[in-house]
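Here the structure comes first, spelled out in structure tokens, and everything after it is commentary.
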Amino acid sequence: MLAQLVVSGIAQGALYALVALAMTVVYRATTVINFGQGDFVMAGAFAVYVLVVLAGAPFVVSAVLALALLFGIGWAIYAGLIRPIVAGPHLALAMMAVAVGYALRGVARVVWGREVLPFPRVLPQGSFTVGPVILSASDLVVAGGVIVAVAVLGLVFYATPLGKTAQAIFQSERGAALIGINVAAFQGAMWGVAAAMGALGGILIAPITLLYPDLAASILIRGFAAMTLGGFGSFPGAAIGGVMLGVSELLVGAYVSSTLIDITAYLVIIGVLLIRPSGLFGRPIAVRV
Amino acid sequence: MIDAREADAALNRRTARHPSGGIFWLVPAVLLLLPPLLNDYTQYIVNLALVYVLVGVGFNVVIGNLGQLAFANAAFFGLGAYATGILLHHYHAPLLLSIVAGAIVGSLAGALVSLPALRGIRSFYLAIITLAFGELMRWVYVNAEAWTLGSMGLHVPRPALFGWVLSTEKHKFYLFLGIVTLLVAATANLLRSRIGRGFMAIRDNELAAAAMGIPTARYMVLAFAWSGFVVGTGGALYAILVRQVSPDAFTLLELILHFGIVIVGGLTRIAGSILGAVALTMAPELLRDLPGYEELLIACLMILILLFLPGGLVTLFDRVTPLFRQRYHRV
């Protein structure tokens, strides 16, 4: 029982980790927390739904197209909406992200209203039994995908010149621009990557949760919880935080009360920020004067 | 060279009574004449706009004047509505007492939410923790069934003021207008006082404010508590107006509407929040039967304002008329 819960929790947590990783990419590149990330997840899932169910394209092609589309959308949002006010107060940036997410949701609702759509089962079916634990093939695919994403991001941000660029921009945009880094292009690309990661999350989540325009809210908060738990700005932190959140949700649900599943994420956020705001792997929060 | 007499005149102009003082009392006086012109439905919309004026004005204190990124406004609103709804539904308490209870509960929630800010949690971190608090409250509404009747929601009985039943929307209007006028006037005075200036000093530079001897911690709790008080009153009036309090009314979507009101109207400005409340209550009514367009309208308005008119709609009026223009400082 316990082993099964932990394994299922890891699989679920991997999805939260993906959302948290995408938000960390944006945070590392632009020091903005994207409050619209949940809506990228929703938009990606809808893009695949349109391509697979309505246009009849093969799944893999649709997934690649959806990722490319969301990359473009992420870039365009950055270039058109975020960049012009990036020097402004945090409040305006947060509001812009909220508004953009709300607009995406509005578009989905104009088309689909309040319908809840079944998402095609695109991941491999079937399951294996390892000792007392049942592993489903789709869980393995999801977990594998997230591990690859963490590895690639870790490699890019810690072991390539691109990572140094990101660090330079994170520390001082003006300084980075002065030494010849194209800050706008880099940040635009990072928004694109984050949106595409959101789309990937959407493709993996939608078969489990069904698809509806308000998908975003619960995912957004769980992404925040994962990010808070792991520490803001840390890639391994976001991944581990997501997995820990997934596991603890299931454990709380099984051993305490199933009504508490929904609020585990909120309690994690409140507890961590009050007791240890830097999370497990983050650096202490410094106030910029 | 500035002529001494000219300088004197300029000084007098500057220290003259705030010009919006006159217009401030004129607006509710004119509104008193409104009900005979309206039918029940339009009167309901006007009442709803009054409720959202409180929401906007209260929210603005924390987000515009204190400059803290707090996402718990929908929670203040919901807690106020539930406090009033529970007192009226379960205990048949007097109307005014129930409204005051809603305000006080909102105010306590405000003080509670300010505590993480005192722990040094700011900016995006404060946003996330307050967002979690708001969602937690929504879980409480659903699960504290003995009081809230769960996800079905509470039915609020027909309100009566000193034995006089408020049977139509017009009756509610006079009550609402009185309460809203009082609270908006009180908030405007608070923001013009030493304390209100302190809020803005904290927004502009917290360290400098503290260095100047402003008790930043105390002022922060005070600003949040006042914001919660005003928004909680808004929630109380909402419960009386709609007569149905259910968890669905206080979701993230409601919170985004609150953001829309303060951003579209004009951050930091009371006139802006009022304008935003009126605009964003009326406009979606025109789009009610088209799902999704309401969201698109609010989102697009917010995006356009943030990009092209950071001061909000109220700055458009400033260009035409000096009546609303800020005289000494952004209030």
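From first to last, the protein sequence lines stand for chains A and B. Counting in the numbering used here, the first sequence runs from -18 upward without gaps. Counting in the numbering used here, the second sequence runs from 879 upward without gaps. The beta carbon of each residue, even a glycine, is placed where N, CA and C say it ideally should be. Keep in mind it's a predicted model, so treat the numbers as computed, not measured.
Practice task
Evaluate Ile998/B with the Cβ neighbour count: other Cβ atoms within 10 Å of its Cβ, from every protein chain shown; 16 or more gives buried, anything less gives exposed.
Solution key: At residue 998/B the sequence reads Gly, which differs from the Ile that was named. Burial call: exposed.
Practice task
Could you list which residues in chain B have their beta carbon closer than 8 Å to that of Gly94/A, in chain order?
Solution key: Pro1169, Gly1170
Handout entry: Enclosing beta strand (DSSP E) for Phe109/A [first to last residue]
Key = 108 to 111
Practice task
Kindly indicate the opening and closing residues of the alpha helix (DSSP H) around Ser1029/B.
Solution key: Unbroken run through Ser1029/B: none, as it is neither H nor E.
Exercise for the section: Can you tell me the Cβ-Cβ gap for Val228/A and Thr245/A, rounded? I've got them flagged as a contact below 8 Å. Expected result: Not really, about 10 Å apart at Cβ, beyond 8 Å.
Handout entry: As assigned by DSSP and simplified to three states, the class of Leu98/A
Key = strand
Exercise for the section: Check whether the Cβ of Met1030/B lies closer than 8 Å to any Cβ atom in chain A. Expected result: no
Exercise for the section: Apply the 10 Å Cβ neighbour rule to Ala894/B and answer buried if 16 or more other Cβ atoms are within range, or exposed otherwise. Expected result: Unreliable positioning characterises Ala894/B in this predicted model, as indicated by a pLDDT of 45, which lies under 50. The coordinate reading is nonetheless provided below. When all chains shown are included, Ala894/B counts as exposed.
Practice task
Specify, as a first and last residue, the run of the beta strand (DSSP E) that Leu116/A falls within.
Solution key: 114 to 117
Handout entry: Short Cβ contact (8 Å threshold) for Ile250/A with Ala206/A
Key = yes
Practice task
Using a Cβ cut-off of 8 Å (strictly closer), state whether Ala948/B contacts chain A.
Solution key: no
Problem - Through-space distance from Gly263/A to Gly1143/B, alpha-carbon basis - result: 37 Å
Exercise for the section: Starting from Trp1042/B, follow its DSSP beta bridges and name the residues at the other end. Expected result: Leu1039/B
Practice task
Whole angstroms is fine: what's the gap from His1207/B's alpha carbon to Phe954/B's?
Solution key: Because the pLDDT of His1207/B is 44, which lies under 50, any placement of that residue in the model is unreliable, and the question is left without a value.
Practice task
For Val224/A, name the three-state secondary structure that DSSP assigns.
Solution key: helix
Handout entry: Spatial distance of Phe1195/B from Phe1051/B (CA atoms)
Key = 26 Å
Practice task
Could you name each continuous alpha helix (DSSP H) segment of 4 residues or more that falls completely within the segment 1142 to 1209 of chain B, going from the start of the chain to the end?
Solution key: 1148 to 1164, 1171 to 1186, 1192 to 1198
Exercise for the section: Using the Cα positions of Asn920/B and Ala1114/B, report the straight-line distance between them to the nearest angstrom. Expected result: Position check: residue 920/B holds Thr in this sequence, whereas Asn was assumed. Their Cα atoms are separated by approximately 21 Å.
Problem - Val67/A in three-state terms, based on DSSP - result: coil
Exercise for the section: Leaving out five residues on either side along the sequence, give the residues of the same chain with a beta carbon under 6 Å from the beta carbon of Gly1076/B. Expected result: Ile1092, Tyr1097
Practice task
Counting only runs of 4+ residues fully inside the segment 152 to 215 of chain A, write out the alpha helix (DSSP H) ranges in chain order.
Solution key: 154 to 159, 164 to 190, 196 to 211
Handout entry: Rounded distance between the beta-carbons of Val22/A and Gly182/A, thought under 8 Å
Key = 5 Å
Practice task
Consult DSSP for Val1123/B and reduce its assignment to one of helix, strand or coil.
Solution key: strand
Exercise for the section: Check whether the Cβ of Asn938/B lies closer than 8 Å to any Cβ atom in chain A. Expected result: no
Practice task
Using 10 angstroms around the beta-carbon of Leu(-4)/A, count the other beta-carbons present and answer buried if the total reaches 16, otherwise exposed.
Solution key: buried
Exercise for the section: Would you verify that the beta carbon of Thr240/A is, or is not, closer than 8 Å to some beta carbon of chain B? Expected result: yes
Problem - Length of the line joining the Cα atoms of Leu910/B and Gly94/A - result: 39 Å
Problem - Stretch pair the segment 1021 to 1039 of chain B + the segment 1133 to 1147 of chain B: three plus CB contacts closer than 8 Å - result: no
Exercise for the section: Report the neighbours of Gly(-10)/A on chain B: residues whose CB is nearer than 9 Å to its CB, in chain order. Expected result: Residues of chain B passing the Cβ test: none, with the nearest at roughly 20 Å.
Problem - Continuous alpha helix (DSSP H) stretch holding Gln18/A: start and end - result: 18 to 30
Problem - Rounded distance between the beta-carbons of Ile150/A and Phe308/A, thought under 8 Å - result: Residue numbering for chain A in the displayed model covers -18 to 270; residue 308/A lies beyond these limits and cannot be assessed.
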